[in-house]
Amino acid sequence: MTQSTKNGRCEWCGVEYPISAGPGRPPRYCRRSHRQRAYEARRLAVERGIRPDEVLLARHTWEALRDALYRLEAASEDVAMDLMAGRPTKAEYVEALAHLTAAVRDLQEIAVEPIALSD
Ligand SMILES: [Zn+2]
119 MTQSTKNGRC EWCGVEYPIS AGPGRPPRYC RRSHRQRAYE ARRLAVERGI RPDEVLLARH
179 TWEALRDALY RLEAASEDVA MDLMAGRPTK AEYVEALAHL TAAVRDLQEI AVEPIALSD
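Just add 118 to the spot in the sequence shown (first one is 1) and you have the numbering used here.
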C-alpha cells in the first residue's frame with residue numbers, strides 16, 4: 119500500500135514539509151525541536167504579557183531585518199532608475215536582476231526566530 123503525502127508548512131520556521139496521510143491530526147511543525155521552540159515562545163509570551171498582535175525579537179534580529187529591508191529598497195530604487203533611463207541592454211537587465219537578487223538573498227539569510235510569540 120502506498121501512502122499519499124501532502125505538504126504542510128511549519129508554524130515555527132515556515133518551511134514546507136511532507137505530511138503522510140493517516141489517522142490523527144497532522145503535525146504543525148517540521149521537527150520536534152521547532153515544536154519545542156514554539157512552545158517556549160508561547161510560554162514566554164504569557165510570562166511577559168506579549169499580546170497576540172505583538173512579537174518579541176532579539177535586537178540583533180530586528181536590526182538585521184531593518185538593514186536588509188533598507189538595502190532591498192535601495193537596490194529596487196537603483197534598478198528602477200537604471201532601467202528607466204534610456205534603453206537598457208540585455209546585459210544591463212541581467213546586472214539589475216543580479217543586484218536585486220543579491221539584496222533578496224541578504225534578506226533570506228536572516229534567521230528570524232521570535233523570542234516570544236503568542237498563538
Ligand atoms: Zn520548522
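Just so it is clear, CB atoms sit at the ideal spot from N, CA and C, and this is done for glycine as well.
Item                                                                                                                                                                  : Value
With a threshold of 7 Å on Cβ separation, who are the neighbours of His152 within its own chain once the five nearest residues in sequence on each side are excluded? : Cys128, Trp130 and Cys131
Helix, strand or coil: which one does DSSP assign to Tyr135?                                                                                                          : strand
In chain order, which alpha helix (DSSP H) runs of at least 4 residues are fully inside the stretch 133–167?                                                          : 150–166
Can you tell me whether Val230 sits near ligand 1, meaning its C-beta is under 7 Å from at least one heavy atom of the ligand?                                        : no
Would you list the residues sitting across from Lys124 in a DSSP beta bridge?                                                                                         : Ile137
On a CA-only basis, which of Asp237, Ser236, Leu235 and Glu231 is nearest Val133? Give me that one, please.                                                           : Glu231
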